[in-house]
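> So for the sequence shown, my numbering puts the first residue at 20; every next one is plus one.
Every residue, glycine too, gets a C-beta built ideally from N, C-alpha and C.
Take a look at the following structure, please.
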Amino acid sequence: QVQLVESGGGWVQAGGSLRLSCAASGSIFSINLLDWYRQAPGKQRELVATFSATGTITYADSAKGRFTIFRDNARNTMYLQMNNLKLEDTGVYYCRGVREGVGYWGQGTQVAVSS
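Quick look at the structure:
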């Protein structure tokens with residue numbers, strides 16, 4: 020069983036920055052894939068960034084150049100650094116971990132970007 024807890028969301032003005040955290044209950048070494056997703060109001064959940072077990076990182080086009088996903092294995096935590104935030108980045112951000120083919124989700128953290 021893997022438990023993930025997100026934090027770091029909040030309100031920020033456009034152009035500002037936030038760093039989201041996703042803390043795992045156990046060692047993230049055992050997690051094959053770590054993702055950040057977001058869900059805007061009235062929209063489907065979408066993939067934002069992925070950190071694979073091999074270290075491969077991929078970003079959605081909307082996140083490229085502005086967001087950085089990274090992990091601290093010693094702290095069993097994954098992060099999403101978000102810079103130059105835009106209004107369209109508003110939503111609930113979720114982290115997901117996949118281990119042995121099973122996906123585990125956190126409860127989400129709200130990000131609100133205003134002009």
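Give me, in chain order, the residues of the same chain whose beta-carbon lies closer than 6 Å to that of residue 108; leave out the 5 immediate sequence neighbours on both sides.
These residues qualify, in order along the chain: 132.
> Inspect the CB distances between the segment 65 to 74 and the segment 33 to 47 and report whether three or more fall short of 8 Å.
No, the segment 65 to 74 is not in contact with the segment 33 to 47.
> Which whole-angstrom value is the C-beta distance of residue 111 and residue 57, which I expect to be below 8 Å?
Right, their Cβ atoms sit about 7 Å apart.
> So which of 42, 27, 79, 104 has the shortest CA-CA distance to residue 116?
When each option's Cα is compared against that of residue 116, the closest is 42.
> Below 8 Å between beta carbons: does that hold for residue 90 and residue 101?
Going by C-beta atoms, residue 90 is not nearer than 8 Å to residue 101.
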